Amino acid sequence: MSIAQRLVRMGALKSEDLPRLQDVQSANPSKPLHQLMVEKGFVKEEQLLPALAEEFGLELVDLTNVKVEPDTLQAMPLKLVHRRTLMPLRRDNGTLVVATGDPFDVYALDELAMHTGLEVQPVLASTREINRLIKTHFGVGGETVSALVQERGEEQVELLEGLEADDSEAAKMASEASVVKLVNEILIEAANERASDIHIEPEEGALRIRYRIDGLLQTQPMPPEITRFQAAIISRLKIMSRLNISEKRLPQDGRIKMRVQNREIDVRVSIIPMVHGEGICMRLLDKNRMKFDLSSIGMLPDTYRTFKQVIDRPHGIVLVTGPTGSGKSTTLYSALNEIKDETTKIITVEDPVEYQQPGISQIQVHHKIGLTFASCLRSILRHDPDIVLIGEMRDTETAEAAIQASLTGHLVFSTLHTNDAPSAFTRLIDMGVEPFLVGTTVEAVMAQRLVRTICSDCKVEWEPEQHEIPADFPRPEGKGPLKLWKGAGCRACRNTGFRGRAGIYELMITGDTIRDMCVQRVNASAIRNQALKEGMITLRQDGWRKVLAGRTTIDEVARVTAGDLIA
């Protein structure tokens, strides 16, 4: 217990916790005490490491920005990297400097010295940082897959639906323990990194795996040997998605319901045949991580107040527009949660139903049997709803059905694919809807984008150069230098400087002048100019407000609103 007593002297551990810690150690005799203290929440890892370094006389190193030379990696036995969590950092004249998170494991260091023939100098580092560095340089599943199965069986993916597989050779290959473990590793890593999508892309002689994190794709390091398992990985994912593993010529869509570390995750799987094999895209829907709350999705107070007034209206159409993946569904779910109560009946028609919401009746469309948005909408009006959500206005039939619903006293929410709010009117008219109906029923249009938010762990103040400030950026009052914020890059944000995303919004309320312009089939730019006169804040302007508030950066807003420059 000497390390525990040292932590008490340092003030990181309370002396009254020592008896409880002794009981925990007695119940887990096979685990080192320092690991138990972190796992059970007695101390944080950043408090423990200095005490361990002092106890053993080791140097404590920060691996956040460490670069390891390739020849240093070549000298390292892969078995020890994964089994003992050792990471080689550099070679100095016959000495191998190695990062370890467990200074008690002297046998691992002796084994490494014996394998390499070098003198081993250990330094202490965070186990999480070591694991991250191992994945960066050796890839997920960097050791032979069979060895991974034997040595690292702690984290598993639990499937919430039974699997069906035939006795074909492909099915047998996909059911091997090594393949199952490798696919699980890919899914676990994606869930831990908050990825929204996994892309598995076959190339000539290689297999590339990329995760979409905070809206941008990041390549996941993988060992070259993974190419040999390409067919087995694809077959395994087909089995998990309950798809036909023998069909390799046609696109297929499926779904995986799984639990990772007590978090239920729905995975939508799309498989398309490509030149070098079948490409897979998986959309991860983490139910536990989603919060459908208007106050938490990034709306500034003035936008929130206006939008709340719109969604409290008894009838009409409220549209949310933007490209795929811009958070439209999240905004609509948040709006429904804001206004639902015991006296209101809400019915949604979606393709697919991504998140199941209590207190809301949800319908999944099924095109093969004729259950479309339009046919559902005609039927659900006989169910006496107060509020209807249509997943997307894809065609004239759906748009006209939505307009009829709003004219008969219902509040209708839906989405459209347009670049800005004013374009929604011309889009509906182009679909064949009568202009006077569009002008009469559409109460408001919200355009939105998602911007990455600055990582709170490494947020620093900075002063941009004059050439880094866009011409339309609003200067705060006063003549002092402009002070903004950015992320310096740290372990929590994978050195990107960003962690998480928030929305920027362009809310256009349909006033009498805009209704008249719509009836006269005026183009979108004229409607936009009128909306600006009436006080509409554009996407780019809302983005600049969030830059000044320290939530995101100039570059990030410029990236997502490049086409929205104000004339």
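Letter by letter, the sequence shown follows residues 1 to 567 in the working numbering.
Just so it is clear, CB atoms sit at the ideal spot from N, CA and C, and this is done for glycine as well.
Since the model is a prediction, treat every value here as computed from it, not as a measurement.
Cutoff 6 Å; reference I509; Cβ partners in own chain excluding five residues on either side: The answer, listed in chain order, is A444.
Does T418 come out as helix, strand or coil in the three-state DSSP assignment? T418 falls in the coil class under three-state DSSP.
Quick one: what's D92 bridged to in DSSP? According to DSSP, which records beta bridges pairwise, D92 is partnered with T95.
Within 10 Å of its beta-carbon, does I566 have 16 or more other beta-carbons around it, so buried, or fewer, so exposed? Since pLDDT at I566 reaches only 46, below the 50 mark, its modelled position is unreliable, and the value read off the structure follows with that caveat. By the neighbour-count rule (16 or more Cβ atoms within 10 Å), I566 is not buried but exposed.
A524: which of W485, R9, D23 and A424 sits nearest, CA to CA? The closest CA to that of A524, considering only W485, R9, D23 and A424, is found on A424.
From what residue to what residue does the alpha helix (DSSP H) around F373 run? It spans F373 to I380 - the alpha helix (DSSP H) in which F373 sits, taken as one unbroken run.
In chain order, what residues of the same chain have a beta carbon less than 6 Å from the beta carbon of I403, not counting five sequence neighbours either side? Excluding the 5 residues flanking it on each side, I403 has same chain C-beta neighbours closer than 6 Å at L437 and T441, in chain order.
Using 8 Å as the cut-off, can you tell me whether the region 304-311 makes contact with the region 226-243, which would need three or more C-beta pairs spanning the two stretches below that distance? Too few Cβ pairs lie closer than 8 Å, so no.
Please report the straight-line C-alpha distance between E143 and P77, rounded to a whole angstrom. Because the pLDDT at E143 is just 47, under 50, the model does not fix this residue reliably, and the value given afterwards should be weighed accordingly. E143 and P77: Cα-Cα distance of roughly 9 Å.
With DSSP collapsed to three states, give me the class of F413. Shown here, F413 sits in a strand according to DSSP, grouped into three states.
How close, in whole Å, do the beta carbons of A543 and V460 come, if the pair is a contact with beta carbons under 8 Å? Checking the sequence, you will find Gly at residue 543 rather than Ala. 20 Å between Cβ atoms; not a contact.
Can you check whether the CB of M290 is closer than 8 Å to the CB of I198? Against a cut-off of 8 Å, the Cβ pair of M290 and I198 comes out as no contact.
Out of I188, L381 and P103, point me to the one whose CA is closest to K345's CA. Of the candidates I188, L381 and P103, the one whose C-alpha sits nearest the C-alpha of K345 is L381.
Beta carbon of A421, beta carbon of E506: below 8 Å? A421 places its beta carbon less than 8 Å from that of E506.
Cutoff 6 Å; reference V353; Cβ partners in own chain excluding five residues on either side: Cβ within range, chain order: Q362 and Q364.
Closest by C-alpha distance to A99, when choosing among L80, L13, M299 and H115: If we check each option's Cα against that of A99, L80 comes out closest.
Please list, in chain order, all residues of the same chain as T372 whose beta carbon is under 7 Å from its beta carbon, the five residues on each side excluded. Cβ neighbours of T372 beyond the five flanking positions: V365.
According to DSSP, is P122 part of a helix, a strand, or is it coil? Strand, per DSSP.
Closest residue to G215 among R449, E203 and G550 (Cα-Cα distance): G215 has its Cα closest to that of R449, out of R449, E203 and G550.
Can you tell me the Cα-Cα spacing of F413 and M446, whole angstroms? Using only the alpha carbons, I get a separation of about 11 Å.
Who are the Cβ neighbours of P224 in its own chain at under 8 Å, not counting the five residues just before and after it? So the qualifying residues of the chain are A206.
Are there 16 or more other CB atoms within 10 angstroms of the CB of P221, so buried, or fewer, so exposed? P221 is exposed by the Cβ-count criterion.
Coarse secondary structure for C518, derived from DSSP in three states: DSSP places C518 in the helix class (H, G or I) of the three-state scheme.
Buried or exposed for D512, going by 16 or more other Cβ atoms inside 10 Å? The residue is exposed, with fewer than 16 neighbouring Cβ atoms inside 10 Å.
Just verifying my parser: in three-state terms, what is the DSSP assignment at P301? DSSP places P301 within a helical segment (H, G or I) once states are collapsed to three.
Could you give the first and the last residue of the continuous alpha helix (DSSP H) run that contains M173? Here the alpha helix (DSSP H) through M173 covers E169 to A174.
Rank E111, A399, D341 and R132 by C-alpha distance to the C-alpha of E193 and give the top, closest one. For E193, the closest alpha carbon among the candidates E111, A399, D341 and R132 is that of R132.
Secondary structure at Y355, three-state DSSP: helix, strand or coil? Y355 falls in the coil class under three-state DSSP.
Which of helix, strand or coil DSSP assigns to L243: Under the three-state reduction of DSSP, L243 is assigned to coil, being neither helix nor strand.
How long is the line joining the alpha carbons of E155 and N184, rounded to whole angstroms? Reliability fails at E155, whose pLDDT of 47 lies under 50, so the model's placement of it is uncertain and no value is given.
Where the alpha helix (DSSP H) through R263 begins and ends: R263 -> not in any alpha helix (DSSP H); beta strand (DSSP E) instead, spanning R263 to M274.
May I ask you to report which of helix, strand or coil DSSP gives L579? Residue 579 lies beyond the stretch modelled for the chain, which goes from 1 to 567, so this question has no answer here.
Mind checking whether V68 and L89 have CB atoms under 8 Å apart? In this structure, V68 places its C-beta atom within 8 Å of the C-beta atom of L89.
For C281, the residue or residues it bridges with in DSSP: Paired residue(s): H199 and S270.
Is it buried or exposed, G298, if we count other Cβ atoms within 10 angstroms and call 16 or more buried? By the neighbour-count criterion, in which 16 or more other beta carbons inside 10 Å mark a residue as buried, G298 falls on the buried side.
Alpha carbon to alpha carbon, how far is R499 from Q252? Give it in angstroms, no decimals. Going from the Cα of Q252 to the Cα of R499 covers about 33 Å.
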